[in-house]
Amino acid sequence: MYLVNNRIDLQSSEHFARLKEQFAKAPESMKEVPGFLSFRLLKAEDGSHVVAETVFASKEDFHNWVHSEHFQKAHGGRKGDLNRPELSVYHIVIG
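When we follow UniProt numbering, the leftmost residue of the sequence shown carries the number 1, and every step to the right adds one.
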């Protein structure tokens with residue numbers, strides 16, 4: 001399995017509310033994506049950032065999604081709205 005963490009720094013409580021609303025749709029809309037397994041939105045205890053955690057069956061499934069129309073629709077029109085996110089990727093070894 002392939003886990004992708006997308007860290008986004010929060011600028012305000014309004015920014016968090018907007019992100020929470022946008023990401024609330026992710027689990028349902030991602031169901032149609034081949035290889036998608038799970039999604040969680042995590043908020044840092046200090047409120048400084050969120051991490052969008054997505055798990056795919058494989059690295060290839062993740063890369064196929066990134067280059068898909070589904071990805072473009074989900075991420076289009078948000079340029080300038082968010083700080084540049086930090087992406088971390090992992091292979092799940094146990095779990």
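Heads up, the beta-carbon is just placed ideally off N, CA and C, and yes, glycines get one too.
A quick note: this is a predicted structure, and the numbers were derived from the prediction, not measured.
Near residue i, which residues of its chain fall below 7 angstroms by C-beta distance, leaving aside the five closest residues on each side in sequence?
i	result
I94	none
M30	F36, F39
F62	Y2, V4, F56
For residue i versus residue j, is the C-beta spacing smaller than 8 angstroms?
i	j	result
K43	V50	yes
N6	A52	yes
Among the residues of its own chain, which have a CB less than 6 angstroms from the CB of residue i, if the five just before and after it don't count?
i	result
V89	V4
W65	V33, F71
My understanding is that residue i touches residue j, with C-beta atoms under 8 angstroms, so please give their C-beta distance in whole angstroms.
i	j	result
H23	L41	Here the sequence assigns Phe to residue 23, which means His is not the residue at that position. Yes, F23 and L41 are in contact; Cβ-Cβ is about 5 angstroms, under 8 angstroms.
Mind checking which residues open and close the alpha helix (DSSP H) that includes residue i?
i	result
L63	Reading the sequence as shown, one finds His at residue 63 and not Leu. Per DSSP, H63 belongs to the alpha helix (DSSP H) from 59 to 66.
A74	69 to 75
A26	26 to 30
What are the boundary residues of the beta strand (DSSP E) that residue i is part of?
i	result
L10	Unbroken run through L10: none, as it is neither H nor E.
R84	Where R84 is concerned, there is no enclosing beta strand (DSSP E), given that its DSSP letter is neither H nor E.
V93	Looking at the DSSP string, V93 is not in any beta strand (DSSP E), and its letter there is neither H nor E.
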